[in-house]
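Here is the structure we will look at.
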Amino acid sequence: MKENFIIQLARRIKPIGFTGLSLYDVAIFFWKGLMEGAITTRASSLAFNFFLAFFPSIIVFFTLIPYIPIDGLQETLMELLAVVLPPSTNEITFQTLEDIISNPRGGLLSVGFILALYFSTNGINSLIEAFNSSYHIREIRPLIQQRILSLGLTLLLSIMLIIAIGLIIFGTVVVNYLVS
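Given below as structure tokens:
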């Protein structure tokens, strides 16, 4: 009886902006979209592609450290990693990371950068395909044009991420300077 009342109430409520559809119709449409839209498959694809891009990105980050001329950066980073990483991984991980952080390796940096770029553009490609599929758009682009678009979006996203991190790090310094 109570469920019937809720359904009847949902059929009478017509939210603004849904062109006369009831809340019940919107909920049914949403549920069918979730069930028939393969949202979990798309989410899995996105997560997998961006997870693959994570490890080459970490390699690029660590191989860039020897090129940064800040005194004590390597030692500070190793101390931070000693706090963050579990003790059982210290010996194996620290030897490898200390070697990567101490010695500049151009080849590893290049390979890591290329792999990170490739896997992240794959992630952006799967994101574009997921959006197109959600809107029932069949978009046909040549492979090279699709890669260039993904590369551009990846670079744009990377620049925005660097700016955001810079604002987080230096934002308080700038605000304190402006206040004083």
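If you number the sequence shown the way my numbering does, the last residue is 301 and the count never jumps.
No residue lacks a Cβ here, since even glycine has one placed at the ideal position from N, Cα and C.
Residue i to residue j span [Cα, whole Å]
{"i": "A203", "j": "Y188", "result": "22 Å"}
{"i": "T161", "j": "Y298", "result": "47 Å"}
{"i": "V296", "j": "R262", "result": "46 Å"}
{"i": "Y112", "j": "A237", "result": "No answer is possible for residue 112: it lies beyond the span of the chain, which begins at 122 and ends at 301."}
{"i": "I286", "j": "G292", "result": "9 Å"}
{"i": "E196", "j": "L206", "result": "15 Å"}
{"i": "N170", "j": "N243", "result": "6 Å"}
{"i": "S178", "j": "F234", "result": "7 Å"}
Contacting residues, own chain, Cβ-Cβ under 6 Å from residue i (five flanking each side not counted)
{"i": "A251", "result": "R163"}
{"i": "S271", "result": "T242, I245, N246"}
Residue i - DSSP class collapsed to helix/strand/coil
{"i": "K153", "result": "helix"}
{"i": "F240", "result": "helix"}
{"i": "A159", "result": "coil"}
{"i": "G141", "result": "coil"}
{"i": "P190", "result": "coil"}
Cut-off 7 Å between Cβ atoms - residues of its own chain near residue i, not counting five sequence neighbours on either side
{"i": "F150", "result": "none"}
Closest by C-alpha distance to residue i, when choosing among the options
{"i": "Y239", "options": "F172, N211, P208, F215", "result": "F172"}
{"i": "S318", "options": "S254, I289, S247", "result": "Because residue 318 is not part of the residues shown, which for the chain are 122 to 301, the question remains open."}
Beta carbon of residue i nearer than 9 Å to that of residue j
{"i": "I245", "j": "T275", "result": "yes"}
{"i": "K153", "j": "L144", "result": "no"}
{"i": "R132", "j": "D146", "result": "yes"}
{"i": "L230", "j": "V181", "result": "yes"}
{"i": "I221", "j": "F183", "result": "yes"}
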